[in-house]
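Heads up: the structure comes next, in structure tokens.
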Amino acid sequence: MSVQVSVYQSLLEWCSQRKVTLVAVSKTKPASDIMELYELGHRDFGENYVQELVQKQDELPKDIRWHFIGHLQSNKVKYIAPFVHIIHGIDSVKLLQEVNKQATKLGRVIDCLLQMHIAQEETKYGLDIDELNNLLDQLHTFPSVRIRGLMGMASFTENQDQVKQEFTQLKKYFDHAKAKLASTEFDTLSMGMSGDYSLAVEQGSTLVRIGSLLFGARQYQ
Ligand SMILES: *Cc1c(COP(=O)(O)O)cnc(C)c1O
Numbered sequence: 734m735s736v737q738v739s740v741y742q743s744l745l746e747w748c749s750q751r752k753v754t755l756v757a758v759s760k761t762k763p764a765s766d767i768m769e770l771y772e773l774g775h776r777d778f779g780e781n782y783v784q785e786l787v788q789k790q791d792e793l794p795k796d797i798r799w800h801f802i803g804h805l806q807s808n809k810v811k812y813i814a815p816f817v818h819i820i821h822g823i824d825s826v827k828l829l830q831e832v833n834k835q836a837t838k839l840g841r842v843i844d845c846l847l848q849m850h851i852a853q854e855e856t857k858y859g860l861d862i863d864e865l866n867n868l869l870d871q872l873h874t875f876p877s878v879r880i881r882g883l884m885g886m887a888s889f890t891e892n893q894d895q896v897k898q899e900f901t902q903l904k905k906y907f908d909h910a911k912a913k914l915a916s917t918e919f920d921t922l923s924m925g926m927s928g929d930y931s932l933a934v935e936q937g938s939t940l941v942r943i944g945s946l947l948f949g950a951r952q953y954q
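So for the sequence shown, our numbering puts the first residue at 734; every next one is plus one.
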């Protein structure tokens, strides 16, 4: 058994005391691991890969709320649009356009978060402040998308001061966007993973994405 049940229970308690949503990141993990948490009442799960998510959604209970947290290619939106609960990684107008198109076809409104680039690393995806503003100015042209907030990933570093600064920056972007949109539905700040979630919550996170702490280390082929 690889699910850390006692860790889950204390983490859930910790999160609910702070009104923070706990998303269990189950990428690369088998459906049986997801079911262990499901049977404890957990419903929010995060996945990074479209094909893996589609397969798991097909197999698993339909009341699971699937968070797509990976990098999403426009040509794959159609596979997850019918069921996805929220897409965390919107990082271009083009992608938002495609989500809007697929959502319109399905007659649904899809919740999304805009991903901001906050890490020092070149490789991490995300918008900068100008791209954020530009995108926010165009939101009225995407009626089938509801922007619920922002998401970001801090640098992978031992330097806690740096991680803290990056989260503080993301919180500033969040406050800026919330003021600009003047929307009460803009209420989600997705930041924090197994290694940095408490720092993230200190800086204002409302949703943490936790994988290895709950399911053990991942093994990639
Ligand atoms: C894999 C992943 C996580 C979970 O990472 P852990 O360190 O295992 O908690 C969170 N967010 C994103 C975007 C991820 O890709």
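All C-beta atoms, glycine included, are put in the ideal place defined by N, C-alpha and C.
Let me confirm a value: residue i is counted as buried when at least 16 other C-beta atoms fall within 10 Å, else exposed. Which label applies?
i      : result
Leu773 : exposed
His821 : buried
Ala950 : exposed
Arg751 : exposed
His873 : exposed
Glu780 : buried
Thr917 : exposed
Glu831 : buried
Gln835 : buried
Is any heavy atom of ligand 1 found at a distance shorter than 7 Å from the C-beta of residue i?
i      : result
Met849 : no
Asn781 : yes
Met885 : Checking the sequence shown, residue 885 turns out to be Gly, not Met. No, the beta carbon of Gly885 sits no closer than 7 Å to any heavy atom of ligand 1.
Arg942 : yes
Ile802 : yes
Lys838 : no
Lys760 : yes
Should residue i and residue j be called a contact, given that it needs their Cβ atoms to be closer than 8 Å?
i      : j      : result
Asp777 : His800 : yes
Leu793 : Ala757 : no
Leu847 : Leu828 : no
Leu947 : Tyr741 : yes
Worksheet item: What are the uninterrupted segments assigned as alpha helix (DSSP H) that are 4 or more residues long and contained completely in the region 884 to 952, given in chain order?
Response: If only complete runs of 4 or more residues are kept, the region 884 to 952 shows the alpha helix (DSSP H) at 893 to 914, 930 to 935, 945 to 948, in order along the chain.
Fill in: Any beta strand (DSSP E) of 3 or more consecutive residues that is wholly inside the region 760 to 824
Counting only runs of 3 or more, we get 777 to 780, 798 to 801, 819 to 823.
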